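Encoded as structure tokens, the structure appears first; notes follow it.
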Amino acid sequence: MRVAQPESTLTHPASLSSLEQAVQSESTGQPAWDGDQLECSQGSESAFAYMLRSVAELKNIKFALASFVVNNLRRRYRRSVLGFAWSLLNPLMTMAVMTAVFSLLWHSNPKTFGVYIFTGLLPWTFITDAITTGSQSIVQSEAFLKKVYIPKSFFPLVAVSTETANFVFSLASLVLLACVVGVPIYWTILLTPLAVALLFLFTFSISLLLSIATVYFRDLTHIIKVGLSTMFYLVPIVYRLDMVPADYRKYFLLNPLYYFIDLFRQLICNGVVPDLVHWAIPAAVAIAAFALAFYTLVRTDKDLIYRL
Amino acid sequence: MSHSIHIKNAFLKFRIYRNRAPALKEVVIGKLTRKSNTDTVTEFDALKNINLSVKAGERLGIIGLNGAGKSTLLKMIVGIYPPHQGKVVVQGKITPLIELGTGFDYELSGRENIYLNGALLGRSYQQMRRWEDEIIAFSELEEFIDLPIKYYSSGMHGKLAFSIGTIMEPEILLVDEIFATGDRHFVHKATQRMLHLFTNSRIAVLVSHNLEQIEQLCNRVIILHKGEIVSDGQPAQTINHYVNEVACLLKKQTEPAAAPQLVS
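Those protein sequence lines, which keep their order, are chains A and B.
So for the first sequence, the numbering used here puts the first residue at 67; every next one is plus one.
So for the second sequence, the numbering used here puts the first residue at 280; every next one is plus one.
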């Protein structure tokens, strides 16, 4: 901490001077997130200024963000005997079933097709979980938002960050497992953090957008669920794109989700560094989604709390 | 930097949905069948033309009947409810003691909740680490601090919440009817701390129905009635006015309504 005080004096409950110093260091050393020049006026702020302010506010409560994510993860694994292993076992079992079914169905080699499925299925599971929990996050945090001042983007960010952490753990574990089983691993795997970052930006933006929309239309939750399970079959996850009749392939290429999943597939499964276009398309989609989400948030921010 | 709260011509409306939140299904069906949406939304003016300036050193008491808009006004100052018209400008760091224990996670231990709750109040990890022992000592929950708080009694719960919320001396203190719960000894201790915070903050705003408390602690009092500031001035006079004028209104309103209920 900024104030150079021996620990011992600070722990005395009655030492008022240390408390005062602490307060002083607080007010000078750290910008206050919940008050310093807090201004609420009608429509005077540009979208860009709003975004900068939101980022600054989120930065000031990054500790809250971290505690929420850690607590979410802890709660998820605390009460189960296998604990963290579930995050590994769950996709593994799904993957095993899918591999068995679809390699039989497509007459493929289970070992290579297994890797193919997992590189698609893991990002997909992440997208589904993040969007499902993220899109409900603002509505479910009504009690918080009405009691403390907190940026609206906080809760979608918490939801998506939690799922991202989960995604990274399961990805790492399954890559380790693949090594053990004897599946070849390529150096290109080192580039996956970039793909994770792009996918994070994209899912966060979509979650933010849908979480705002869900405030206005509560039944959207059901539509999102149906939409996501339909999308599962429209993205080449359990089949390969070259299995699709050539005439229809161009429609599959119009789906932005395809490009995100393809990144993981190229880097982990094929050991190929995707060319610039295959990086640029998901990056552009993610940035566009982010801009759209923040534009929507600026437009609705002052109204949102009254609709909860 | 001088601390201040400035509210200029602020209006605030609540929308009340009679049945439920709107559904996309209904909007789509409404558009398709070209039926106009049945209007089940009523608007309610929670705050009307609020003008208020609070300078450093002022201890402002807000009194008014239930539903007059006192809590809404506090929440507007905090930034939870932005005004529909007008302006709210606050200089200084706000410490709201509006609802203690917001964000408590019942699966987590008391210690973990200290950090979580502190984080929600805008404190950093380092600050909470420094205050952790002091909070635990004040709450008198040393034996139970590592137990999930779902096993806490409501009194213990209140003690912990109070200890976290009041650990730091605030610049701007907003208090909404905080009553410390627990045994007599703790209530006494908590009241002392509250008084300490109140006198040591630069600006303090207190919402309370306890008129004696308001008269003791505040050097300025406003009366809110149906969302408007109807009186603003010295505590003794304003409270007198409130007792004679406003509180009577309530009596007149409820008396005829209460009588038939007794018969039936």
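Positions of the beta carbon are idealized from the N, C-alpha and C atoms, including for glycine.
Just so it is clear, the structure is predicted and the values come from calculations on it, not from any experiment.
I'd like to know if the stretch 366-377 of chain B and the stretch 511-530 of chain B are in contact, where contact means that at least 3 CB-CB pairs between them fall below 8 Å. no
Which residues share a DSSP beta bridge with residue 491 of chain B? In the DSSP output, where bridge partners are listed per residue, residue 491 of chain B has none listed.
Residue range of the unbroken beta strand (DSSP E) whose run includes residue 454 of chain B: 451-455 is the span of the beta strand (DSSP E), which, as asked, contains residue 454 of chain B.
Tell me the DSSP secondary structure of residue 317 of chain A in three-state form. helix
For the beta strand (DSSP E) holding residue 484 of chain B, just list the boundary residues, first then last. 482-486
Within 9 Å of chain A by C-beta, residues of the stretch 396-409 of chain B in sequence order: 397, 398, 399, 400, 401, 402, 403, 404, 405, 406, 407, 408, 409
Taking three-plus beta-carbon pairs below 8 Å as touching, is the stretch 286-298 of chain B in contact with the stretch 293-304 of chain A? no
Look at the alpha carbon of residue 510 of chain B and the alpha carbon of residue 327 of chain B, and state the distance between them as a whole number of angstroms. 14 Å
Excluding the 5 residues preceding and the 5 following residue 224 of chain A in the sequence, name in chain order all residues of the same chain whose CB lies nearer than 8 Å to its CB. 131, 134, 135, 138, 203
Going by Cα to Cα distance, which pick from A:276, A:185, A:287 is closest to residue 261 of chain A? The shortest C-alpha separation from residue 261 of chain A is found at A:185.
Quick one: does residue 285 of chain A have its CB under 8 Å from some CB of chain B? yes
Give, in chain order, every residue of the stretch 203-225 of chain A whose Cβ lies closer than 8 Å to some Cβ of chain B. 209, 210, 211, 212, 213, 214, 215, 216
Same chain, Cβ closer than 6 Å to residue 283 of chain B, five either side skipped, listed in chain order: 334, 370
In chain B, which residues lie with their C-beta within 9 Å of the C-beta of residue 278 of chain A? Going along chain B, no residue has its Cβ under 9 Å from residue 278 of chain A, so there is no contact; the nearest lies around 13 Å.
Assign residue 336 of chain B to buried or exposed, taking buried as 16 or more other Cβ atoms, counted over all protein chains shown, within 10 Å of its Cβ. exposed
Note down the Cα distance separating residue 106 of chain A from residue 273 of chain A, rounded to an integer number of angstroms. Caution applies to residue 106 of chain A, whose pLDDT of 43 falls short of 50 and renders its modelled position unreliable; the value that the coordinates give is listed next. Within the model, the alpha-carbon separation for residue 106 of chain A versus residue 273 of chain A is close to 26 Å.
Quick one: what does DSSP say residue 289 of chain B is sitting in, helix, strand or coil? Strand at residue 289 of chain B.
Across which residues does DSSP place residue 332 of chain B in a beta bridge pair? B:285
How about residue 143 of chain A: is its C-beta nearer than 8 Å to some C-beta of chain B? no
Neighbourhood of residue 255 of chain A by C-beta distance below 7 Å, restricted to the same chain and skipping five residues each side: The residues are 241, 333, 334.
Tell me which residues share the same chain as residue 201 of chain A and place their Cβ nearer than 6 Å to its Cβ, disregarding the 5 neighbours each side in the sequence. 273, 276, 277, 280, 290
Do residue 169 of chain A and the ligand ATP come close, with the Cβ less than 7 Å from some heavy atom? With respect to small molecules bound, the structure shown includes none, and the ligand ATP cannot be examined in it.
Nearest-angstrom Cα separation, counted from residue 230 of chain A out to residue 445 of chain B: Taking the straight line joining both Cα atoms gives about 35 Å.
Which of helix, strand or coil does DSSP assign to residue 388 of chain B? strand
Taking the beta carbon of residue 433 of chain B as the centre, do at least 16 other beta carbons fall within 10 Å, making it buried, or is it exposed? Exposed is the label assigned to residue 433 of chain B, since fewer than 16 other Cβ atoms lie within 10 Å of its Cβ.
Give a yes or no on contact between the stretch 466-481 of chain B and the stretch 353-360 of chain B, applying the rule of three or more CB pairs nearer than 8 Å. Cβ pair count under 8 Å is below three, so no.
Own chain, CB closer than 8 Å to residue 328 of chain A, minus 5 neighbours either side, in chain order: 340, 344
Among residues of its own chain, excluding the 5 on either side of residue 227 of chain A, which ones have a beta-carbon nearer than 6 Å to its beta-carbon? 135
If the cut-off is 9 Å on Cβ atoms, which residues from the stretch 358-385 of chain B count as contacting chain A, listed in chain order? 358, 359, 360, 361, 362, 363, 364, 365, 366, 367, 368, 369, 370, 371, 372, 373, 374, 375, 377, 378, 381, 382, 384
Closest to residue 412 of chain B by C-alpha separation, out of B:430, B:391, B:400, would be which residue? Among B:430, B:391, B:400, the Cα nearest to that of residue 412 of chain B is on B:391.
Are residue 424 of chain B and residue 389 of chain B touching if we call contact CB-CB under 8 Å? Their beta carbons are under 8 Å apart, which means residue 424 of chain B touches residue 389 of chain B by this criterion.
Short check: CB of residue 349 of chain B to CB of residue 341 of chain B, under 8 Å? yes
Beta carbon of residue 294 of chain B nearer than 8 Å to that of residue 497 of chain B: no
Cβ separation of residue 465 of chain B and residue 429 of chain B, assumed to be a contact under 8 Å, to the nearest whole Å: Actually they do not touch by this definition, with Cβ atoms about 21 Å apart.
Between the CA atoms of residue 296 of chain B and residue 304 of chain A - distance to the nearest angstrom: 45 Å
Count the other CB atoms within 10 Å of the CB of residue 406 of chain B; is the residue buried (16 or more) or exposed (fewer)? That one is buried.
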